[in-house]
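Quick notes on the structure that follows.
Numbering (this note's numbering), first residue to last: 9 to 188.
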């Protein structure tokens, strides 16, 4: 995948990757057992990509309009402590995160797939969506991933961030030489 030079320049500035959950980290489908327990499927490659980003100093935040114990469990397993559930205004939440982390909104990449994500996509440094988002989301995003939400889209974002910021060679070298 080849991204425009202007987008790569903005990706170099990213210090926070913020992600919607349903439709981005998952395929957007909700599964409920007969007892009402919710089940979500997360892609392992996405999780590893997020760990790699954190390792090089890029913050990761999860933001969702729903409340789900599964999101808390997934975040804990990945060492993500910036979790915002029941988030009604994602742009307001992002501005608060920027203040807390002492970064600017143009240093944020945000990926979402539906209308509650639109303001964040439009105002962050890099607004990202996934191919399985509604058509109107693509017209407002700076970048649409090649991979679907829940099927490696987040890993694609992570790898692209690592590469654009000059970390990919070191990351790859670590795994080639068995020092993970």
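Every residue, glycine too, gets a C-beta built ideally from N, C-alpha and C. For clarity, every value in this text was computed on a predicted model and none was experimentally measured.
For residue 138 and residue 165, I'd like the C-alpha separation in whole angstroms. 10 Å
Beta-carbon proximity of residue 115 to residue 25, cut-off 8 Å: The answer is no: Cβ separation not under 8 Å.
From the DSSP output, in three-state form, read off residue 158 for me. Residue 158 carries a coil assignment under DSSP once its states are collapsed to helix, strand and coil.
Residue range of the beta strand (DSSP E) that includes residue 119: Residue range 116-119 is occupied by the beta strand (DSSP E) that includes residue 119.
Where the beta strand (DSSP E) through residue 92 begins and ends: For residue 92, the uninterrupted beta strand (DSSP E) run begins and ends at 90-93, by DSSP.
Which whole-angstrom value is the C-beta distance of residue 70 and residue 83, which I expect to be below 8 Å? 6 Å
Could you tell me which residues DSSP puts in a beta bridge with residue 39? Residue 39 is bridged to 47.
Reference residue 58; option with closest CA among 163, 180, 178: 163
With a threshold of 8 Å, are at least 3 pairs of Cβ atoms found where one atom belongs to the region 149-157 and the other to the region 121-141? yes
Would you mind reading off the limits of the alpha helix (DSSP H) that contains residue 84? 77-86
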